[in-house]
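Peer 1: Take this structure first; my questions come after.
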Amino acid sequence: MSILVDKDTRLIVQGLGKTGRFHAELSIAYGTNVVGAVHPSRGGEIEAFDGGVKVPIFRTVEEAMAATEANASVVFVPPAGAADAIMEAAAAGMPLIVTITEGVPVADMVIAKRYLEGKPVRLIGPNCPGVITPDQCRIGIMPGYIHQPGKIGVVSRSGTLTYEAVYQLTRLGLGQTTAVGIGGDPVNGTNFVDVLALFNDDPATEGVIMIGEIGGTAEEDAADYVAKHMRKPVAGFIAGTTAPPGRRMGHAGAIVSGGKGTAQAKIEAMTAAGINLAPTPTDMGQAMLEALG
Amino acid sequence: MKIHEYQAKELLGARGIPVPRGIMVQSEGQATEAARKLIEETGNQVVVVKSQIHAGGRGKGTFREHPGLRGVSVIKDGPEAVGEVAHQMLGSTLVTVQTGEAGKQVNQLYIEAGVDIARELYLAVLLDRSVGRNLVMASTEGGMDIERVAEETPEKILREVIDPAIGLAAFQANALGWGLGLEGEVHKSFVRFITRLTEVARELDTDLVEINPLVVTGSGEVIALDGKMAFDDNALFRHPDVAEMRDESEEDPAEIEAKSKGLSYIKLDGNIGCMVNGAGLAMSTMDIIKHFGGEPANFLDVGGGATAEQVAAAIRIITADANVKGILVNIFGGIMRCDTIAAGIISGVKEVGLPVPMVVRLEGTNVDLGKKMLDDSGLNLITAADMKDGAQKIVEMTR
Chain C
2 MSILVDKDTR
12 LIVQGLGKTG
22 RFHAELSIAY
32 GTNVVGAVHP
42 SRGGEIEAFD
52 GGVKVPIFRT
62 VEEAMAATEA
72 NASVVFVPPA
82 GAADAIMEAA
92 AAGMPLIVTI
102 TEGVPVADMV
112 IAKRYLEGKP
122 VRLIGPNCPG
132 VITPDQCRIG
142 IMPGYIHQPG
152 KIGVVSRSGT
162 LTYEAVYQLT
172 RLGLGQTTAV
182 GIGGDPVNGT
192 NFVDVLALFN
202 DDPATEGVIM
212 IGEIGGTAEE
222 DAADYVAKHM
232 RKPVAGFIAG
242 TTAPPGRRMG
252 HAGAIVSGGK
262 GTAQAKIEAM
272 TAAGINLAPT
282 PTDMGQAMLE
292 ALG
Chain A
3 MKIHEYQAKE
13 LLGARGIPVP
23 RGIMVQSEGQ
33 ATEAARKLIE
43 ETGNQVVVVK
53 SQIHAGGRGK
63 GTFREHPGLR
73 GVSVIKDGPE
83 AVGEVAHQML
93 GSTLVTVQTG
103 EAGKQVNQLY
113 IEAGVDIARE
123 LYLAVLLDRS
133 VGRNLVMAST
143 EGGMDIERVA
153 EETPEKILRE
163 VIDPAIGLAA
173 FQANALGWGL
183 GLEGEVHKSF
193 VRFITRLTEV
203 ARELDTDLVE
213 INPLVVTGSG
223 EVIALDGKMA
233 FDDNALFRHP
243 DVAEMRDESE
253 EDPAEIEAKS
263 KGLSYIKLDG
273 NIGCMVNGAG
283 LAMSTMDIIK
293 HFGGEPANFL
303 DVGGGATAEQ
313 VAAAIRIITA
323 DANVKGILVN
333 IFGGIMRCDT
343 IAAGIISGVK
353 EVGLPVPMVV
363 RLEGTNVDLG
373 KKMLDDSGLN
383 LITAADMKDG
393 AQKIVEMTR
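So the sequence lines, in the order shown, correspond to chains C and A.
To convert, take the position in the first sequence, counting from 1, and add 1; that gives my numbering.
To convert, take the position in the second sequence, counting from 1, and add 2; that gives my numbering.
Quick look at the structure:
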């Protein structure tokens with residue numbers, strides 16, 4: 002078992018620029034079922050990927066869904082059009098929309114999030130590495146080979162820190178059920194709590210690693226959820242203990258402002274909720290192992 | 003992106019938000035002239051001289067060169083006196099609670115007509131991340147440090163979340179005005195003010211608009227006595243006029259150079275330089291250095307890979323900081339192979355030289371080949387087994 006994506010996921014790609022095309026090809030090579038692509042001026046064409054896979058291009062998400070029965074979309078559309086691409090996918094009823102694009106204006110995401118309210122769709126990202134269920138489905142930009150099917154769920158705001166955790170789990174033989182990057186932006190679709198709830202209900206997931214960073218209160222909310230509802234051991238890590246206040250640390254959302262969003266507050270909340278925090282990122286896998294008992 | 007008060011008031015004033023009459027000046031002569039003009043126009047002898055720097059606490063801040071002088075001065079003795087104060091302020095170093103001890107040099111002043119203050123209020127429009135919407139914050143405690151108000155008397159802060167599909171609804175604006183104790187015509191003026199302010203925030207993609215204080219004048223006018231605006235960098239592409247307001251003299255030159263090379267760099271006070279791929283990993287590299295007793299000199303994210311050009315630029319930027327005694331490179335080669343990254347590091351180092359020791363931690367595809375290339379390069383590079391090992395080594399070497 003897994004969450005969000007598996008071998009039955011039928012993926013379309015929104016945005017066939019250099020990055021979108023490159024990663025679509027890697028996803029196909031990983032075994033992901035890529036069934037179509039969307040490009041407003043290339044509808045009707047066929048995109049031929051390495052390995053002989055040919056994928057039809059549609060003008061709209063609606064047309065793509067009707068023709069391919071896709072149930073997931075990955076958005077690589079550049080920042081200025083990314084929120085519109087998300088809303089287009091939502092309007093078409095796409096159940097899962099994974100947005101990789103970095104640099105989407107905050108106001109656009111505020112509107113997109115409002116637009117998605119009440120619709121039966123789930124947005125992951127933006128500004129995230131994507132979602133992967135090892136050996137079944139890769140949506141995004143993560144290196145597939147570091148993953149291994151297993152029993153730990155991973156959820157993180159950071160790309161490379163997710164890879165660190167995943168690689169440690171693979172080396173320890175624990176593997177992953179699914180790894181989810183929720184992204185480093187201040188306004189995003191799916192948050193820690195949503196993903197923790199999915200892992201909580203996934204029989205194959207025996208423990209979860211959650212990786213947070215400074216900025217906002219999503220980690221505190223997650224700690225509250227873990228304390229009240231989580232039936233599985235959780236390990237974690239928080240980045241940004243040494244980050245100076247008022248500065249954006251690479252990610253748009255990684256900022257301590259007005260005394261809010263400090264690493265210290267998150268570490269305290271997570272520790273109080275019984276989450277086993279790794280003292281350094283090198284120890285995330287070990288912290289999970291300890292938490293499993 | 004931050005802008006100066008005078009720029010914020012220009013943007014707000016042009017969009018129908020009441021601001022006092024004011025003129026930006028850069029010399030004593032201009033200051034005297036501006037004061038004369040304002041006194042003539044308004045008939046008010048009171049003129050305020052305000053230092054323009056990108057940091058809060060200006061009113062209470064003092065100048066290193068003139069300890070008795072505040073960052074904001076109220077002058078009642080005519081244009082010549084304004085000129086004298088301007089002469090002292092310009093080129094001097096203003097130290098406020100937000101600048102740190104180093105302070106900031108004042109290069110611009112805003113000469114503003116005095117305002118008859120009856121009440122000082124607080125008003126801000128900013129993102130509420132927990133709901134993913136903008137929020138209006140208002141308080142009767144104008145002119146105060148709002149973070150302290152939030153901590154000590156949270157009940158004095160009023161909040162209204164804005165539905166992006168609707169904007170600030172009239173009932174919300176009304177409630178805020180009544181909550182601040184405003185009635186009658188003043189209440190109406192306030193409602194117009196806050197409604198327009200939320201529209202401007204949306205139009206200009208602001209991260210933050212803060213009016214502290216918002217003033218009710220003796221004649222019942224509602225006016226922005228101060229104005230602070232910060233903008234979403236990701237949205238500047240649709241506001242070229244705002245983007246032009248960037249004052250690079252307010253930013254660290256190294257940070258500007260890094261940005262032009264596609265690097266995300268933030269200077270810190272320690273002595274161990276960091277070069278990392280990914281924001282989260284870069285932050286936690288700083289953390290792990292501190293964890294083992296060292297002090298990070300910077301945050302630096304080289305992005306997805308580490309090409310020779312990026313590595314060379316990063317080394318130049320990191321070692322331009324005289325405090326740096328060693329560098330920790332921490333790369334998780336995901337899609338990019340470690341041998342490619344190693345080649346980038348080697349040619350980058352060869353290009354600019356390496357004045358301090360460098361510890362390199364590489365992980366990912368072809369890691370053994372990458373490490374061997376670094377070891378065989380004959381350069382002053384030390385490879386690390388993992389992130390912990392790398393941090394311990396660089397801390398030891400810079401002790």
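Where is the CB? At the ideal position from N, CA and C, for every residue including glycine.
Scan the stretch 95 to 109 of chain C for residues whose Cβ lies nearer than 7 angstroms to a Cβ of chain A and list them as they occur along the chain.
Peer 2: Listed by position along the chain: Gly104, Val105, Pro106, Val107 and Ala108.
Peer 1: So with CB distances below 9 angstroms, who are the chain C contacts of A/Lys1?
Peer 2: In this structure chain A extends from 3 to 401, so residue 1 of chain A is not present and cannot be described.
Peer 1: Quick check: the Cα distance between A/Ala232 and A/Asn214, rounded to an integer number of angstroms?
Peer 2: Using only the alpha carbons, I get a separation of about 14 angstroms.
Peer 1: Is the stretch 134 to 154 of chain C in contact with the stretch 261 to 271 of chain C, if contact means three or more CB pairs nearer than 8 angstroms?
Peer 2: No, the stretch 134 to 154 of chain C does not touch the stretch 261 to 271 of chain C.
Peer 1: I think C/Thr171 touches C/Pro130, with their Cβ atoms under 8 angstroms apart; what is that distance to the nearest whole Å?
Peer 2: At roughly 16 angstroms, the Cβ-Cβ gap does not stay under 8 angstroms, so C/Thr171 and C/Pro130 are not in contact.
Peer 1: So for C/Gly213, helix, strand or coil by DSSP?
Peer 2: It is a strand residue.
Peer 1: Within the stretch 154 to 184 of chain C, note down every full alpha helix (DSSP H) run reaching 4 residues or more, in order along the chain.
Peer 2: DSSP runs (the alpha helix (DSSP H)) wholly in the stretch 154 to 184 of chain C: 160 to 172.
Peer 1: Does the beta-carbon of A/Thr155 have 16 or more other beta-carbons within 10 angstroms, so that it is buried, or is it exposed?
Peer 2: So A/Thr155 ends up on the exposed side.
Peer 1: Extract the residue ranges of the alpha helix (DSSP H) inside the stretch 152 to 206 of chain A, only unbroken runs of 4 or more that lie entirely within it.
Peer 2: Whole alpha helix (DSSP H) segments, 4+ residues: 172 to 181 and 186 to 205.
Peer 1: Can you find a C-beta in chain A that's less than 8 angstroms from the C-beta of C/Lys114?
Peer 2: Yes, contact with chain A.
Peer 1: Cutting at 8 angstroms between CB atoms, please list the residues of its own chain near A/Arg198, excluding the five before and the five after it.
Peer 2: Same-chain partners within the cutoff: Arg17, Gly18 and Ile19.
Peer 1: Show which residues of chain C have a CB atom less than 8 angstroms away from the CB atom of A/Met91.
Peer 2: Simply none; closest approach about 24 angstroms.
Peer 1: Taking the beta strand (DSSP E) that A/Glu122 belongs to, which residues open and close that run?
Peer 2: Counting along the chain, the beta strand (DSSP E) containing A/Glu122 begins and ends at Ile119 to Asp130.
Peer 1: If I follow the unbroken alpha helix (DSSP H) through A/Leu364, where does it start and stop?
Peer 2: That residue, A/Leu364, is in no alpha helix (DSSP H); its beta strand (DSSP E) goes Met360 to Gly366.
Peer 1: With a cut-off of 8 angstroms, does the C-beta of C/Leu162 fall near any C-beta of chain A?
Peer 2: Chain A, which has a Cβ nearer than 8 angstroms to the Cβ of C/Leu162, makes this yes.
Peer 1: Using a Cβ cut-off of 8 angstroms, pull out every chain A residue sitting near C/Pro158, in sequence order please.
Peer 2: It should be pointed out that residue 158 of chain C corresponds to Arg in this sequence rather than to Pro. The answer, in chain order, is Gly282.
Peer 1: Note down, in chain order, each residue of its chain lying with its Cβ closer than 8 angstroms to the Cβ of C/Pro96, except the 5 sequence neighbours on either side.
Peer 2: These residues qualify, in order along the chain: Asn72, Ala73, Pro121, Val122 and Arg123.
Peer 1: Just by C-beta distance, which residues in the stretch 314 to 347 of chain A are closer than 7 angstroms to chain C?
Peer 2: For the stretch 314 to 347 of chain A, which is checked against every Cβ of chain C, the residues closer than 7 angstroms are Phe334, Gly336 and Ile337.
Peer 1: What's the gap between the Cα of A/Pro69 and the Cα of C/Glu291?
Peer 2: Computed Cα separation, rounded: 57 angstroms.
Peer 1: Please report the straight-line C-alpha distance between A/Val138 and C/Phe193, rounded to a whole angstrom.
Peer 2: Computed Cα separation, rounded: 26 angstroms.
Peer 1: With a cut-off of 8 angstroms, does the C-beta of C/Pro246 fall near any C-beta of chain E?
Peer 2: Among the protein chains in the structure shown, which are C and A, there is no chain E.
Peer 1: Below 9 angstroms on C-beta distance, what does C/Ala224 contact in chain A?
Peer 2: Here the premise fails: no neighbours, minimum Cβ distance about 14 angstroms.
Peer 1: Quick one: give me the first and last residue of the alpha helix (DSSP H) that A/Gln100 is part of.
Peer 2: Per DSSP, A/Gln100 belongs to no alpha helix (DSSP H) and is neither H nor E.
Peer 1: By DSSP, does A/Ile396 sit in helix, in strand, or in coil?
Peer 2: In this structure, A/Ile396 counts as helix in the three-state DSSP scheme.
Peer 1: Using a Cβ cut-off of 7 angstroms, pull out every chain C residue sitting near A/Gly295, in sequence order please.
Peer 2: None at all; the shortest Cβ gap to chain C is about 12 angstroms.
Peer 1: With DSSP as the reference, label C/Phe59 as helix, strand or coil.
Peer 2: Looking at C/Phe59 - three-state DSSP - the assignment turns out to be strand.
Peer 1: Classify C/Ala253 as helix, strand or coil using the three-state DSSP reduction.
Peer 2: Note: C/Ala253 maps to coil in three-state DSSP.
Peer 1: Using 8 angstroms as the threshold, is the C-beta distance between A/Leu170 and A/Thr200 below it?
Peer 2: Yes, these two residues count as a Cβ contact at 8 angstroms.
Peer 1: Rounded to whole angstroms, what's the CA-CA distance from A/Gly272 to A/Glu187? Just pull it up for me.
Peer 2: Their Cα atoms are separated by approximately 55 angstroms.
Peer 1: Using a C-beta cutoff of 8 angstroms, does C/His148 count as contacting chain A?
Peer 2: So, not an interface residue.
Peer 1: Answer yes or no: does any C-beta atom of chain C fall closer than 8 angstroms to that of A/Phe2?
Peer 2: Residue 2 of chain A is absent from the model: chain A starts at 3 and stops at 401.
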